[in-house]
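Working notes for the structure below.
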Amino acid sequence: MAWILIISCLFFLWIFSLCKILIPSSSPLRNSFLKAGVHEKRNVLLVIAHPDDESMFFTPTINFLTSRGHNLHILCLSVGNADGKGDTRKRELYQACAVLKVPIQQVKTLDHPDLQDGFGELWNHSLLAKIIEDEIISHSINLIITFDNYGVSGHCNHRDVHHGVCKLIYDTSQRDVEAWELVSTNILRKYSGPVDIWFSVLGVMQHSSGRMHCLVNEHCRRSFLAMAQHKSQWVWFRKLFVALSSYTYMNTLRKIKLGACEVTAPHNYMACEIN
Ligand SMILES: *[C@@H]1O[C@H](CO)[C@@H](O)[C@H](O)[C@H]1NC(C)=O
Ligand SMILES: [Zn+2]
């Protein structure tokens with residue numbers, strides 16, 4: 589009897605949270621991210637490691653930016669060729685970006701011999717910084733969004749991308765570029781779907797300085813459609829992941845502080861798990 593009660597409570601909490609997300613309303617969810625420049629449209633660069641990272645983890649952020657008219661560029665540092673499906677996955681990324689309303693000419697995929705998809709593949713942070721810097725210069729980027737130090741799933745390619753961005757903003761002259769990271773949550777929160785909204789809002793409230801923002805997905809359906817474009821990846825467990833993952837419903841972004849992250853962090857093989 590107690591079990592039935594607990595399960596129904598959880599079910600209602602899930603539905604209630606989903607409604608909270610689908611029906612935007614009250615103040616804690618109202619967002620001031622990038623509000624300082626209401627009249628200023630930013631040139632934003634989203635840096636990811638593999639095709640499908642954008643659809644699995646970043647759609648609340650992408651939807652937020654595109655619906656406010658910011659100019660979003662996506663740099664995908666590999667074609668995701670771990671299973672030899674690189675060409676297919678690259679094409680799927682462009683299809684997903686079309687669904688997400690990111691202009692195709694603003695999406696760039698690399699297939700660099702030193703930056704190949706895989707767990708054992710260590711990506712050179714200096715090389716990453718160099719590549720990202722070139723991209724910043726050629727598109728006058730003033731804001732970067734990328735993974736945090738854990739990279740949502742702990743995948744080493746995600747973490748290396750984070751370190752590449754850190755290296756770029758510390759070591760180069762690109763000091764006026766703001767960088768924001770997608771906050772990784774623990775496994776319970778990660779799979780709590782819309783329910784994570786309450787934890788996210790609490791987390792953001794603890795940092796009142798505006799260094800953290802929770803972006804609620806304004807087009808959840810679009811996120812599913814985008815993920816479905818990655819046909820080579822669209823197997824049952826990924827469908828389940830997208831439905832249960834809190835990253836489908838919201839993103840918490842944190843500003844990367846100068847000096848906050850360890851640029852020369854040693855690679856940690858043990859920390860690598862499957863994406
Ligand atoms: C990393 O990349 C930089 C810049 O491309 C290069 O100078 C350096 O030798 C590389 N380091 C390693 C360990 O490959
Ligand atoms: Zn990935």
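Its first residue numbered 589, the sequence shown is counted upward by one per residue in the working numbering.
Using N, Cα and C, we set each Cβ at its ideal position, and we do this for glycine too.
- Counting the other Cβ atoms within 10 Å of the Cβ of D702 gives fewer than 16, which makes it exposed.
- At a cut-off of 6 Å, the beta-carbon of H751 does not count as near ligand 2: no heavy atom of the ligand is closer than that.
- Rounded to whole angstroms, H658 and Y682 show a C-alpha spacing of 19 Å.
- By the criterion of a C-beta distance shorter than 8 Å, S620 is surrounded in its chain by G798 and H801, once the five residues flanking it on both sides are discounted.
- The DSSP-derived three-state label of W711 is coil.
- V749 is positioned such that its CB atom lies closer than 7 Å to that of A637.
- A distance of 7 Å or more separates the beta carbons of P782 and Y738.
- For T697, the enclosing beta strand (DSSP E) stretches over residues V695 to T697.
- In the three-state scheme derived from DSSP, where H, G and I count as helix and E and B as strand, N745 is classed as helix.
- In the structure shown, T840 falls within a strand segment according to DSSP collapsed to helix, strand and coil.
- The beta carbon of N712 sits closer than 6 Å to at least one heavy atom of ligand 1.
- Annotation for K689: T654 place their beta carbon closer than 6 Å to its own, counting only its chain and skipping 5 residues before and after.
- Taken from the Cβ of A831, every heavy atom of ligand 2 lies 6 Å or farther away.
- Under DSSP, W768 shares a beta bridge with I733 and K843.
- Here L731 really is in contact with V632; their C-beta atoms are around 5 Å apart, less than 8 Å.
- Between the segment 813 to 823 and the segment 763 to 775 there are fewer than three C-beta pairs closer than 8 Å, too few to call the two in contact.
- In this structure, the beta-carbon distance from L813 to V695 does not fall below 7 Å.
- Per DSSP, M589 is not a residue of any beta strand (DSSP E), being assigned neither H nor E.
- For H801, the pairing in a beta bridge is given by DSSP as L841.
- Rounded to whole angstroms, the separation of the alpha carbons of S788 and T773 is 9 Å.
- A direct Cα-to-Cα measurement between S596 and H795 gives close to 33 Å.
- The beta-bridge partner set that DSSP reports for C664 consists of I636 and T697.
- The DSSP-derived three-state label of N651 is helix.
- By a beta-carbon distance limit of 8 Å, R777 contacts S834. Their separation comes to about 6 Å.
- The beta carbon of T676 is closer than 6 Å to those of S820 in its chain, skipping five residues each way along the sequence.
- Of Y758, F825 and H807, the smallest CA-CA separation from I611 is found for H807.
- Closest by C-alpha distance to R809, out of W711, V635 and I609, is I609.
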